[in-house]
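**Q**
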Amino acid sequence: MAEASVTAYLRFPGVPPAGTRLCALHEIPAAGTKGFVFGEDVQRFELFLVYREGRLGAFVNDCPHAHTPLDVIQDQFLNLEKSLLLCATHGALFRIDDGRCVYGPCKGKALTPVPVHIKDGVIFIGQGGMNG
Ligand code: FES
Numbered sequence: 004m005a006e007a008s009v010t011a012y013l014r015f016p017g018v019p020p021a022g023t024r025l026c027a028l029h030e031i032p033a034a035g036t037k038g039f040v041f042g043e044d045v046q047r048f049e050l051f052l053v054y055r056e057g058r059l060g061a062f063v064n065d066c067p068h069a070h071t072p073l074d075v076i077q078d079q080f081l082n083l084e085k086s087l088l089l090c091a092t093h094g095a096l097f098r099i100d101d102g103r104c105v106y107g108p109c110k111g112k113a114l115t116p117v118p119v120h121i122k123d124g125v126i127f128i129g130q131g132g133m134n135g
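Each number in the working numbering comes from the position in the sequence shown (counting from 1) with 3 added on.
1. Chain D beta carbons: is any one of them nearer than 9 angstroms to that of Asp65?
2. Could you compute how far the alpha carbon of Glu43 sits from the alpha carbon of His68?
3. My parser needs the beta strand (DSSP E) runs of 3 or more residues fully inside the segment 51 to 87; what are they?
4. Tell me the rounded alpha-carbon separation between Leu52 and Val45.
5. At which residues does the beta strand (DSSP E) containing Lys37 begin and terminate?
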């Protein structure tokens with residue numbers, strides 16, 4: 004399986020710079036997902052965090068099928084079993100670990116990952132280190 008580029012998210016308009024604070028780890032709801040919106044209109048950028056079983060991931064909130072946000076209910080990105088990410092628009096299901104669509108109209112495509120890191124219990128955009 005080809006790894007998605009860690010910089011692919013930068014092609015979306017309105018991406019906040021590396022080092023942008025998202026939230027504290029404890030602010031992620033118990034269900035394990037939380038969405039964020041930056042900017043507005045053509046510069047609007049949405050992403051979401053998924054924190055399950057001690058592992059943190061982040062994706063652009065943009066379904067590869069029709070490019071809608073995945074969540075209809077704020078901060079809810081998981082299926083009922085909490086085993087896969089769900090696009091509420093047409094029901095596509097994505098693996099949590101790599102965002103690959105395993106069911107639905109965009110099967111085989113993938114969500115775009117966003118690199119994030121944790122420092123002192125706070126989550127930031129970017130891979131960390133000297134340059135964020
Ligand atoms: S927009 Fe996500 S499944 Fe159609």
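Ideal Cβ placement from N, Cα and C applies to all residues, glycine included.
**A** On the basis of the supplied data:
1. No chain D is part of this structure, which consists of one protein chain only.
2. 22 angstroms
3. 58 to 63
4. 22 angstroms
5. 36 to 41
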